[in-house]
Structure formats: C-alpha cells, structure tokens
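So the mapping is simple: the working numbering equals the position in the sequence shown, first residue as 1, plus 4.
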Amino acid sequence: MSKDKYFIIDFDSTFTQVEALDELGAISLQNHPERERILEQVKQITDSAMAGKSSFSEGLTQRLSLLQAHQNHLPQLIDKLKDKVSESVRRNRDFLQQYADHIYIISSGFKEFITPIVTEYGIKEGNVYANTFELDEQGNLVGFDTQNPLSLDKGKIKLLEQLALPGDVYVLGDGYTDYEIKEAGLANKFYAFTENVVRDSVVAKAEFIAPTLDEFLYQNKLPMAISYPKNRISVLLLENVHPQAVELFRKEGYQVETVSGALSEEELCEKIKNVSILGIRSKTQVTRKVLEHANRLMCVGAFCIGTNQIDLDACLEAGITVFNAPYSNTRSVVELALGEIIMLSRGVVDKSNKMHQGNWDKSAKGSFEVRDKKLGIVGYGNIGAQLSVLAEAMGMEVYYYDVVEKLQLGNARKCSTLRELLEKVDIVTLHVDGRPENRNIFGAEEFAAMKDGSIFLNLSRGHVVDIEALVQSIKSGKIRGAGVDVFPEEPATNSDPFESELCGLPNVILTPHVGGSTSEAQENIANFVPNRIMDYINSGNTYGSVNFPNLQLPELKNAHRLIHIHANVPGVLANINQVLAKNHVNILGQYLKTNERVGYVITDIDKAYDKQVVSDMKQVAHTIKFRILY
C-alpha cells in the first residue's frame, strides 16, 4: 500500500448497522411508560442531524437529555453493538488489521462504547476519535466534553484540520458530517456508505457510492474478503418470485430487478445482458439462444421443482450453475391433491355450482368416501411418496408405478407396469417430471385401461397428458371426475385469457398451476434457492446444483480460493498445478469433481501470491470460467 493514503471510517450506521445512541435509549428507557415516543423523537433528531438539516451539537444535547442513561447501561450497549457490526466490515477484518496504521475511526459518537468495538477488529485505540461522556455524582450520562471538536457543528472538519494527515484522505460514512470533510477540501474522496441506511441528501452530494465495504475496497484496489463486489452482481427475478428472495439478495448487497410475468425468448435475450443471476419459475424458457446473450451470467435459479424450461446442457457448457427447489413445495402439492381427491369423490364442485345458481340438490348419489379406495400414484418421487404416506393415513390403499426403482413407504404396493396400476385403482394421480420423453405419456390407451368411473388428477406437467383424450373420457363417463392444475399451453401473465376444452365439463376442478403456490411453499423456495446461489458465489459450493458436479466445500480460512471450470478432458488438472508450481504457489487444499461434460476444480492457496497466477489460470487450455475468492 502507498504510505500516504489514509482511510476515515464513521462508526454509527457505517462500522455498525445502527445508531448507538438509539440503541442506548432502547436499553435506558426499557421500563419508561413513554419509551416508544421518546425513542422515535431521538431517532428523528439523529436523522435530521445526519442529513445536515439541523445543528449536530444541539441535537446531541437533546438526545442525551431524552435518553436518561446511566454508565451501568454501557456494558449492555457494547454487547449489543458487537452483534450489530456491519456484515461487510466483519468480512474484511483482515483489511482493517493489515492497514491499521492508516485507518481512523472518526465519529460524533462516544469513545466509551466505540473503542471496545473497533479495537476487536484491529483498529488502534490511538486512531479512534470520538466524544466522551460527562457523568454526575450518581453516574448518569448528563453531558459531553464541550472542548472536544467532535461535539461541535462541523466538528469532523475541525478535527481533520488538527490531524493534518500527510497524504490522500478517503472518507467512508453515511452522514452529512462525513460529506462535509470532502466539501471542506480535507479529503480526496467521500464515499456514501449505504449498506445500512440511505440518506438521500447525502447520496445526492456524494461522487461515489459504496453499498458495502467490499465496494469501497474494490474501487481503491485494496484487498477485500470477496473476489467480486456484491453490488456489481445484478439479479433479474421474473414471474413474481416471492419478496423474501428479493430481500435476501438485496441484503447480500446485490442489485435486484423484478419483472412480474414471464419474458419471451427475444425479450429475455435483451434483458439478460449484464445479469449475474437469473431467477425464474416455470414459464420462462432459458434457451441456448438466451444464454448466448448472457455475457455475465453465473447462476440460474429455478424457483420451482422442475428445470425442463432451462437448457441445462447449454448452461453447463457456459459454466453456469443451475439450482432449483426440489422439496420446498412438496407438502403444498400433496395437500391440493388430497383436497381434490376428496372433493371429486364427493362431487362437491357440481353441488357448489348448483347452490350458487339457487338449486338445492341434497343427495348422496355419486358421493363416496375415500377410505378403502385404491389410489394409484404415477411417479413416486418426493411428492408421490409423501402423498402415499398421507393417503394411507386416511385409510386409502396405495399403489405406485415409477420407471426408476424406488423404496415404497408404509404399505404402498409397487406395480410392475403402468397398465397393472391403471387396472387396479379407483383414482389415478400423476406426479412425473417434465422430461421430453414424458410428453403425452397418458392418452386414450391409458384412459381406456382405467376402471369405469375413475377419478383422474394431473398436478405435474401439462404436456404429459393428451387433453383431447381426457376430454373424451370425461364426456363418455369413463372418468367421472378430474382435477387439472397444469396445461400444455398456459397464459404468460394473469391478464392473458385462459382457454381449454376442459372448461365447463362436469365434476372437473381446474386450477391455474397453483399446486405449489402457497405462502409457505413460496417462502420456503424463496429462502432455499437464494441461499444455494449465494453459497456458490461466496464459497464455490455447488451442492444441490442440478447440472454441475456437486461439491460441498469446507469453510475458507486464511486462504484464497481458486475456482476453475473446464471441459472434462485429460490433462487439465495437471496443467492447473503446473501453473501454480511455476508461480511458486503453495496449495493448502484441492478438490475436484467431474461429470461427463465438465470438471470443477477448487484450489485453496496461501494468502501471498503473484497476481500473474490469475492471468495464467485463465489461459489454461479448455478453461470455461475462472474466478478467485478472497
């Protein structure tokens, strides 16, 4: 590092996620009858001063008067603040320790709680500048040292003038008082820190924005804990992905854009440019053509179970990992299947329709219990297996058929052929995946093999059933009730019309692809998929990826992690290690996993290395993608 660079870092809402005096008030006013009102008043005074709208000195006096705090409250405050250190600061402890001689904490807060926090991260106590409390005889915090320049308006300017740091000064903070240092000509650059709070008046003045400490370090070519600034990772989420996913990505520091509906191939080709992470549900098609326009894409997240809408081979060839949510909505689909089985067995839909028309049809005709009925499950995966257990608990006799050998649960009976199952059962429910070979697997021949008066459900994929054959089977009475949640052609958005030959048929439940659309399922998916993606970006873990070799890696400690994706041909690993040897790099750990198409090599190396190794690794023959984690 150049010896003439100095870094000024604010404390409240920068080094920590919160304003310390606000947190002190939450402690000191814990049993006060007007606690919430006073805390809101304290917050308003803080925000006004930090936005440059009021006198800082007067506001500090007002806040201390309102807080009614005692020195005995300070240990509690310190413990609380230790848990509130900003995430990007936690990640970059190494930077703070390595450059401790040139890092200053300059805050209008108080040394009594600031020093114990920042010194744990390597900040030198002598480089901490802040106010100090004045106490009365009872130990109440009644004031502050008015001779300290930081207690005054424009106090940070006065302090910097006194320090007269002999070099370039870079300021990182969230408040107007931080900006004033640059305005006064005492700093080369001011970075508005927005990880915890965004003050519009401050951001408007700032030439530079730092959503995280990582970005600040990146822009100044300083070592950081991650290889890629998180605010430079852009996320595109389509088809009304649950807000929880948006929140998780934004909390991580990613830039997120949402689109309510699906996009056509042409629309996505245009939209995918410069996108790092794409999140979709079932309607958006991620084709090879789309991927040819994806110049920065690292991951695709399918916020659903199926991935047939994604060209997995093309993603693999481009070094793009794909993650889905194979279990998150299982219970929701199973519950809908059970509910429809009961309603169709009882003829509830037709009776309900008649009631809405003013007709009273109290009759047991065509109404049956599901107990003792034979349920046939086609596809015994996660959903089929759980449905099997719950149906059996309701007294049903369960049979299943799957092209893959599966262990039956409970008393379920396996059928050797689909026809064997169809001839035995009273109710057939499909839970197969959407692979191309499953197209129209259920047609006129299969319906003909079923018992007369059977019930049929398809909550799996729209293209697996011949709709015309189903319609004819319902009209002929072969099928006395059907529940369909998925269709060969589905509207792209809720504003588009739905048309189907199934509309208007008796004892038929039609639902708009909502088998997994419960609040619980969507929230589960919205937690699961982003966490898999962020784990891959931050640590290289591919565990759970549907197209990549699965590697579950140990935590990265005191090392750099080299991530190398390459075509699976002989000699690549040897070439990688030759590059490392040529550059005198010490390998701390190495992990390799391959599939028939690609190899995935993770190499942990010593902290010290020549930058030439990065260029050389990218030049290894058959490299698809390379990146480094710090």
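Positions of the beta carbon are idealized from the N, C-alpha and C atoms, including for glycine.
None of these values were measured; they are calculated from a predicted model.
For residue i, does the three-state DSSP call read helix, strand or coil?
i    : result
M5   : Model confidence at M5 stands at a pLDDT of 43, short of 50, so the residue's coordinates are unreliable and nothing is read from them.
R285 : coil
L156 : coil
K84  : helix
V207 : helix
N535 : helix
D218 : helix
K193 : strand
L316 : helix
F253 : helix
D608 : strand
N581 : helix
E401 : strand
V512 : strand
E261 : strand
Q142 : coil
Q166 : helix
Q616 : helix
I276 : coil
H74  : strand
V518 : coil
With distances taken Cα to Cα, identify the nearest neighbour of residue i among the options.
i    : options                : result
L139 : I161, H77, P558        : H77
E642 : G56, N531, A30         : Coverage of the chain is limited to positions 5 through 634, which leaves residue 642 absent and any answer about it impossible.
L394 : L342, A530, K57, Y180  : L342
V490 : G548, L506, E373, V175 : L506
I567 : D182, P558, A578, G544 : G544
K369 : V475, S349, N590, V617 : S349
I284 : E296, T311, L316, C273 : T311
M400 : R417, D376, E116, N244 : D376
K277 : A298, R417, T288, H570 : A298
F446 : P492, Q102, E339       : P492
D470 : G457, D406, I459, N444 : N444
G265 : L252, F253, S286       : S286
V407 : M398, I387, N442, N415 : N442
A473 : S464, R465, I483       : I483
Q80  : F117, G56, G63         : F117
L64  : K186, T136, P558       : T136
In whole angstroms, what is the alpha-carbon distance linking residue i and residue j?
i    : j    : result
L170 : V201 : The residue you asked about is not Leu; residue 170 is Pro in the sequence shown. Their backbone Cα atoms lie some 31 Å apart in a straight line.
A612 : I632 : 13 Å
D620 : V583 : 7 Å
R292 : A318 : 6 Å
S6   : F99  : In this prediction, S6 scores a pLDDT of 45, lower than 50, which makes its location untrustworthy; no coordinate-derived value is stated.
R94  : K615 : 25 Å
V605 : K255 : 29 Å
I12  : H435 : 59 Å
H695 : D8   : Examination of residue 695 is not possible in this model, given that the chain is present from 5 through 634 alone.
I537 : E527 : 16 Å
K225 : S111 : 25 Å
R417 : L391 : 14 Å
F60  : V132 : 20 Å
V22  : I49  : 15 Å
D355 : F372 : For the record, residue 355 in the displayed sequence is Lys; it is not Asp. Distance between the alpha carbons of K355 and F372: 14 Å.
V382 : Y403 : 9 Å
V512 : K275 : 39 Å
V468 : L176 : 58 Å
E27  : A104 : 27 Å
G56  : K209 : 11 Å
N640 : C273 : There is no way to answer for residue 640, as the model of the chain reaches only from 5 to 634.
L425 : V352 : 26 Å
Pull up the DSSP beta-bridge partners for residue i, would you.
i    : result
I632 : L566
G177 : A196
A306 : I284
G63  : DSSP, once it has assigned bridges, lists no residue as partnering G63.
F137 : F148
I109 : I13, V132
F552 : Partner(s): none; F552 has no beta bridge.
L596 : V605
I591 : I609
L557 : Paired residue(s): none; L557 is not in a bridge.
V89  : T20
Start-end ranges of the beta strand (DSSP E) lying completely within the segment 336-383, minimum 3 residues: Whole beta strand (DSSP E) segments, 3+ residues: 378-382.
Within the segment 403-491, ranges of the beta strand (DSSP E) (whole runs, at least 3 residues): Fully enclosed beta strand (DSSP E) runs of 3 or longer: 431-434, 458-462, 483-488.
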